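K.L.:
Numbering (mature numbering (1 follows the signal peptide of the UniProt record, and there is no 0)), first residue to last: -31 to -1, 1 to 222.
Glycine included, C-beta positions come from ideal geometry on N, C-alpha and C.
Predicted, not measured: the structure shown is a model, and the values here were computed from it.
Before I ask anything, let me first share the structure, which is written out below as structure tokens.
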């Protein structure tokens, strides 16, 4: 081989090896892909135990999930716990997305964090199932979450202005037997209703056992994927009230 061609071949080979080395430094082979990590916020009195099967299912489908051990006694205190957990995720997994999945009053605590504590800057997806977004008579006079009683100063503050601020995507899910519809003004994907679990009597148990319903697990995964499994609705501010959110069968209807 002529010397000139040999030098050219060596130069090209060295250049290719150098480029490969730079690429290896820029994108390590063990870099973990980005994913969505979820925090599940329990309903009134429930704590974490009833939500472990849901967390396990979401985790098995590629969305690492944790149920928080909250009981809904004080919405603002629960929101502070949510804030600390979101900060932990962002610190330990800075490239991952964060989702909040709230059941019943847990959806209200999560929304308080988003709206009143700057959570929209850190949370990509918010999904509430069976949540009384404009209040529930079930909270009136209760030891846990009395501020969620319709018409309290807390609920008036929470629902003043846009219910769905920031770049967070908002999803509302309810089963066929609920007291309230869970609607928010602004932009919201509404998955209503999930067919009733006919194995449970219509005595409020369906609401209690919603976290065990695989149909709710499925629409939650769809939300993590950015898919609305229902209808996306844009509602003007000031239109929604508790009276409009209450469904047949709710106390006072």
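Could you tell me the alpha carbon to alpha carbon distance between residue 113 and residue 194, rounded to whole angstroms?
P.N.:
Near 33 Å, if we compare the C-alpha coordinates of residue 194 and residue 113.
K.L.:
To the nearest angstrom, report how far apart residue 204 and residue 134 are at their CA atoms.
P.N.:
Going from the Cα of residue 204 to the Cα of residue 134 covers about 13 Å.
K.L.:
For residue 35, report the span of its beta strand (DSSP E) as first-last.
P.N.:
Segment 34 to 36, the beta strand (DSSP E) holding residue 35.
K.L.:
When the Cβ atoms of the segment 156 to 164 are set against those of the segment 177 to 197, are three or more pairs found closer than 8 Å?
P.N.:
The segment 156 to 164, when compared against the segment 177 to 197, does touch it at the 8 Å Cβ threshold.
K.L.:
Could you tell me which residues DSSP puts in a beta bridge with residue 70?
P.N.:
Beta-bridge pairing links residue 70 to 9, 96.
K.L.:
Leaving aside the five residues before and after residue 84 along the sequence, list all residues of the same chain whose C-beta is less than 8 Å from its C-beta, in chain order.
P.N.:
Within the same chain, residue 84 has close Cβ partners 127, 132, 134.
K.L.:
Give every residue of the same chain whose Cβ lies closer than 8 Å to the Cβ of residue 52, excluding the five residues on either side of it in the sequence, and list them in chain order.
P.N.:
Hits under 8 Å: 82, 86, 88.
K.L.:
Pairing CB atoms from the segment 59 to 72 with CB atoms from the segment 6 to 21, are three or more of them under 8 Å?
P.N.:
At 8 Å Cβ cutoff, the stretches touch.
K.L.:
Between the segment 90 to 108 and the segment 134 to 144, are three or more C-beta pairs nearer than 8 Å?
P.N.:
In short, these stretches touch, since the Cβ pair count reaches three.
K.L.:
Near residue 66, what residues of its chain come up, given a Cβ to Cβ distance below 6 Å and the 5 sequence neighbours on each side ignored?
P.N.:
5, 93, listed in sequence order.
K.L.:
For residue 36, count neighbouring Cβ atoms within 10 angstroms of its own Cβ and tell me buried if that reaches 16, exposed if not.
P.N.:
By the 10 Å Cβ count, residue 36 comes out buried.
K.L.:
Taking DSSP as the reference, what is the three-state secondary structure of residue 146?
P.N.:
Here residue 146 sits in coil by DSSP.
K.L.:
What runs of the alpha helix (DSSP H), each 4 residues or longer, lie entirely inside the segment 105 to 150?
P.N.:
Correct list: 122 to 127.
K.L.:
From the DSSP secondary-structure annotation, give me the bridge partner or partners of residue 157.
P.N.:
In the DSSP output, where bridge partners are listed per residue, residue 157 has 202.
K.L.:
Let me know the secondary structure DSSP gives residue 79 once reduced to three states.
P.N.:
Correct three-state label for residue 79: helix.
K.L.:
Use the C-beta contact count for residue 27: other C-beta atoms within 10 angstroms, 16 or more gives buried, fewer gives exposed.
P.N.:
It counts as buried.
K.L.:
Should residue 208 be labelled buried (16 or more other beta-carbon atoms within 10 Å of its own) or exposed?
P.N.:
It is exposed - the Cβ of residue 208 has fewer than 16 other Cβ atoms within 10 Å.
K.L.:
Tell me whether residue 206 is buried or exposed, calling it buried when 16 or more other Cβ atoms sit within 10 Å of its Cβ.
P.N.:
Flag for residue 206 reads exposed.
K.L.:
Can you check whether the CB of residue 75 is closer than 8 Å to the CB of residue 41?
P.N.:
Going by C-beta atoms, residue 41 is nearer than 8 Å to residue 75.
K.L.:
Where do the N-terminal and C-terminal ends of the alpha helix (DSSP H) with residue 18 fall, by residue?
P.N.:
Taken as a continuous stretch (DSSP letters only), residue 18 belongs to no alpha helix (DSSP H), as it is neither H nor E.
K.L.:
For the putative contact between residue 55 and residue 105, defined by C-beta atoms under 8 Å, what is the C-beta separation to the nearest angstrom?
P.N.:
Not a contact, Cβ separation roughly 25 Å.
K.L.:
What would DSSP say about residue 215, mapped onto helix, strand or coil?
P.N.:
Strand at residue 215.
K.L.:
Can a CB atom of chain D be found closer than 8 Å to the CB of residue 74?
P.N.:
Included in the structure is just one protein chain, with no chain D present.
K.L.:
CA-CA distance, residue 13 and residue 196?
P.N.:
Looking at the two C-alpha atoms, the distance is approximately 28 Å.
K.L.:
Taking residue 2 as part of the alpha helix (DSSP H), name the residues at either end of that continuous run.
P.N.:
Where residue 2 is concerned, there is no enclosing alpha helix (DSSP H), given that its DSSP letter is neither H nor E.
K.L.:
Have a look at residue 100 and residue 2 and give me their C-alpha separation to the nearest angstrom.
P.N.:
So the two alpha carbons sit approximately 32 Å from each other.
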